[in-house]
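My numbering puts the sequence shown at residues 74 to 592.
In this text, a Cβ means the ideal position worked out from N, Cα and C, and glycines have one as well.
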Amino acid sequence: MDHSDKKLLTANASVLGPCWVPIYESPVGFSVQHFEAAMLNIIHQPNINSTVIMRADILRENIFDPDEGDTTFTSKIANEIPKFQTHDDSELLLRNLKDIKVRQIPDIPDIQFTMRHEIVRRVIPRNPFKDYIINQTCLMLTDNKKNNLVVYIPHIDSVEETPYYLPPVYGIGILYNDFKVSVHYLPFGFETPNCKELTLLKSMTEQDRPIRIALRLLNTATKHSQGRKLGYEKRVNHDLVVPQTSFQNQYITLKKKYSDYFMNNWSESTDPRKHVFEDIAIAAFIIEYWKLNDFEPEKFEFRDLGCGNGLLVHILISEGYKGKGIDARARKSWVSYPSKVQQCLLEQIIVPQILLDQQPMSSDITASISKQQISTTAEFPKNTFIIGNHSDELSCWIPLLGFPFIVIPCCSFGINGVRKRYPPRKNMAFKTPPSTYKTLVDHVEDIALMNGWLVQKEMLRIPSTRNAAIISCEKIPVLANEPEHIRRIRLLDIIALEGGADGWVENSINLMKSEPKKH
């Protein structure tokens with residue numbers, strides 16, 4: 074719904090009482106139940122309202138339910154100060170984090186509200202070295218009829234303490250009232266006669282930032298409430314493999330360490346705004362996955378197959394992990410890394426050992442490429458973890474190599490190195506035909522399952538629409554200790570089902586002669 078033509082209501086009286094200043098109002102077609110459900114979701118996910126915000130950690134929650142009974146929750150992190158690894162915590166911008174007491178609003182004379190929810194959340198911005206981490210009270214009040222009020226009260230004491238991502242007011246009220254939604258501000262100093270902040274709010278225009286924030290809050294509330302009415306369901310669910318908090322804390326840490334330098338010193342022709350933050354996010358996810366599954370840095374190595382610009386390899390090595398990145402073509406950025414990283418970036422093609430066991434390379438092939446330009450999977454240490462980050466031709470191969478892995482598919486290729494579109498899964502109902510990308514992701518997952526892996530799938534929080542990750546670090550129990558000859562038979566059967574791998578080596582050699590892709 075377009076609210077750009079809405080008129081300011083600041084000259085009017087607020088239905089919430091004389092302390093409040095009304096900003097905007099919009100007629101709506103959804104019920105109070107839709108509004109309540111949408112706003113509870115937004116309370117738990119404040120990033121919906123602002124791209125500056127990363128998440129909220131719920132510290133306290135009181136639910137008042139006359140039918141089911143009241144419940145109270147206090148998080149074990151309520152009295153902890155957020156920490157981000159490898160950084161001096163004094164760099165973090167923190168405001169009143171020990172204040173976890175629920176804040177309240179003045180009585181509303183014309184509507185008999187009762188409290189439904191009291192929540193204290195900790196708002197974590199995307200860059201807590203630039204924007205303050207604060208606590209914030211969120212209230213939901215109802216009259217059990219046709220009115221519902223959501224109030225946000227940051228735990229700050231003055232306009233000067235207001236973080237950038239909030240309007241400079243004591244509280245924000247978002248009211249559902251008889252098929253209308255409106256936004257109201259409660260100024261600092263509302264208790265005092267002739268409140269200066271109230272007068273200032275009433276004098277603001279549409280161009281002032283607090284007013285623009287109010288319009289955005291109105292848009293978000295109505296959009297998400299309408300979505301609830303229409304039965305909108307999230308297309309994807311995140312954080313199924315690695316907890317959101319762990320990932321995002323690691324991401325903040327790595328971004329602080331690496332983003333500025335590489336944004337300003339990017340050697341490739343690709344857009345650093347995409348690639349730098351994407352690789353930092355992937356590194357954060359992988360590191361937290363390794364921690365979760367007890368991959369201790371000194372007890373394994375990684376191999377990043379199709380490593381491209383090498384930034385992911387650089388970050389992982391710099392964070393204390395051992396490993397190498399392998400790509401058919403060196404990149405300009407490789408020489409910009411420290412020597413210990415450059416030594417771990419190899420310009421080679423990958424040849425699965427199973428192919429050499431079946432048919433050694435012909436003399437024509439060996440004449441066109443040196444042994445130093447070939448990496449066979451037999452050379453990988455037994456304690457290897459494979460990474461395939463948009464590794465294209467290798468995506469379907471990675472679950473077949475016999476090592477724990479994460480593969481993030483991008484372009485669709487067969488195991489012979491030729492572009493291929495995979496058919497949709499059988500016996501699956503689709504409202505619309507699935508994309509080439511969707512069928513590729515499904516196929517990589519199916520190959521992993523056929524090869525006996527216990528598969529996990531995650532939609533990564535990265536700036537890319539191709540963000541599905543297929544991950545596994547263990548086989549299903551009955552196959553965990555199967556004899557080698559049985560494993561080889563299964564592998565050969567899968568290769569046959571895939572149409573064979575004839576031409577893989579030749580196509581890989583051709584990659585060395587072509588321009589790198591820019592994804």
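Check the Cα spacing between Ile150 and each of Gly142, Pro139, Asp172: the tightest is with Asp172. Per DSSP, Trp93 has no beta bridge partner at all. Per DSSP, the continuous beta strand (DSSP E) segment holding Tyr249 begins and ends at 244 to 250.
For the pair Gly90 and Ile181, the CB atoms are nearer than the 8 Å cut-off.
Per the coordinates, the alpha-carbon of Ser409 lies some 16 Å from the alpha-carbon of Leu389. In the displayed model, Trp363 falls within a helix according to three-state DSSP. At the C-beta level, Lys548 and Trp577 stay beyond 8 Å of one another. Ranking Phe476, Ala401, Val242, Ala521 by CA distance to the CA of Ser443 puts Ala401 first. Going by C-alpha positions, Pro95 is about 17 Å away from Glu264. Residue burial annotation: Gln317 is exposed, with fewer than 16 other C-beta atoms found within 10 angstroms of its C-beta.
In the structure shown, the three-state DSSP call for Asp130 is strand.
Just so you know, the alpha carbons of Leu473 and Asp251 end up roughly 60 Å apart.
Secondary structure note for Met188: its beta strand (DSSP E) is the uninterrupted segment 187 to 198. Within the same chain, and ignoring the five residues on either side of Thr295 in sequence, the residues whose Cβ sits closer than 7 Å to its Cβ are Met74, Ser99, Val101, Val254. Glu306 counts as exposed, since fewer than 16 other beta carbons sit within 10 angstroms of its beta carbon. Inclusion of Leu385 and Asp352 in the CB contact set at 8 Å is warranted, their separation being smaller than that value. Apart from the 5 residues on each side of it in sequence, Ser412 has no Cβ closer than 7 Å to any other Cβ in its chain. Counting other Cβ atoms within 10 Å of its Cβ, Asp183 stays below 16 and is therefore classed as exposed. For His297 and Met112, the gap between their C-alpha atoms comes out near 8 Å. In the DSSP annotation of this structure, the continuous segment of the beta strand (DSSP E) that includes Asp377 starts and ends at 374 to 378. By the C-beta criterion, the stretch 217 to 233 is judged not to be in contact with the stretch 351 to 370, since fewer than 3 inter-stretch pairs fall below 8 Å. Residue environment: Gln118 is assigned as exposed (fewer than 16 neighbouring CB atoms within 10 Å of its CB, all protein chains considered).
Within the same chain, Cβ atoms closer than 8 Å to the Cβ of Ala553 are found at Glu547, the five residues on either side in sequence being excluded. Exclusion of the five residues before and after Val517 leaves Ser468, Cys469, Pro472, Val480, Pro482, Ile543 as the residues of its chain whose Cβ lies within less than 7 Å of its Cβ.
Here Asp216 has Ile184, Gln185, Phe186, Thr187 as same chain residues with Cβ atoms under 8 Å from its own Cβ, once five neighbours each way along the sequence are excluded.
Between the alpha carbons of Asn489 and Thr145 lies a gap of roughly 58 Å. Per the DSSP secondary-structure output, Gly304 pairs with nothing in a beta bridge.
DSSP links Phe478 through a beta bridge to Ile459, Ser545. Under DSSP, Asn135 forms a beta bridge with Thr145, Glu191.
In this structure, Leu259 keeps its C-beta atom at 8 Å or more from the C-beta atom of Tyr249. For Met523, the enclosing alpha helix (DSSP H) covers residues 509 to 523.
In the DSSP annotation of this structure, the continuous segment of the beta strand (DSSP E) that includes Ser448 starts and ends at 447 to 449. For Asp566, the uninterrupted alpha helix (DSSP H) segment begins and ends at 557 to 570. Contiguous alpha helix (DSSP H) elements confined to the stretch 268 to 335 occur at 269 to 275, 282 to 302, taking only those with 4 or more residues. In this structure, Arg194 lies away from Gln177, with their beta-carbon atoms at least 8 Å apart. In terms of Cα proximity to Leu81, the closest of His257, Ala110, Glu234 is His257.
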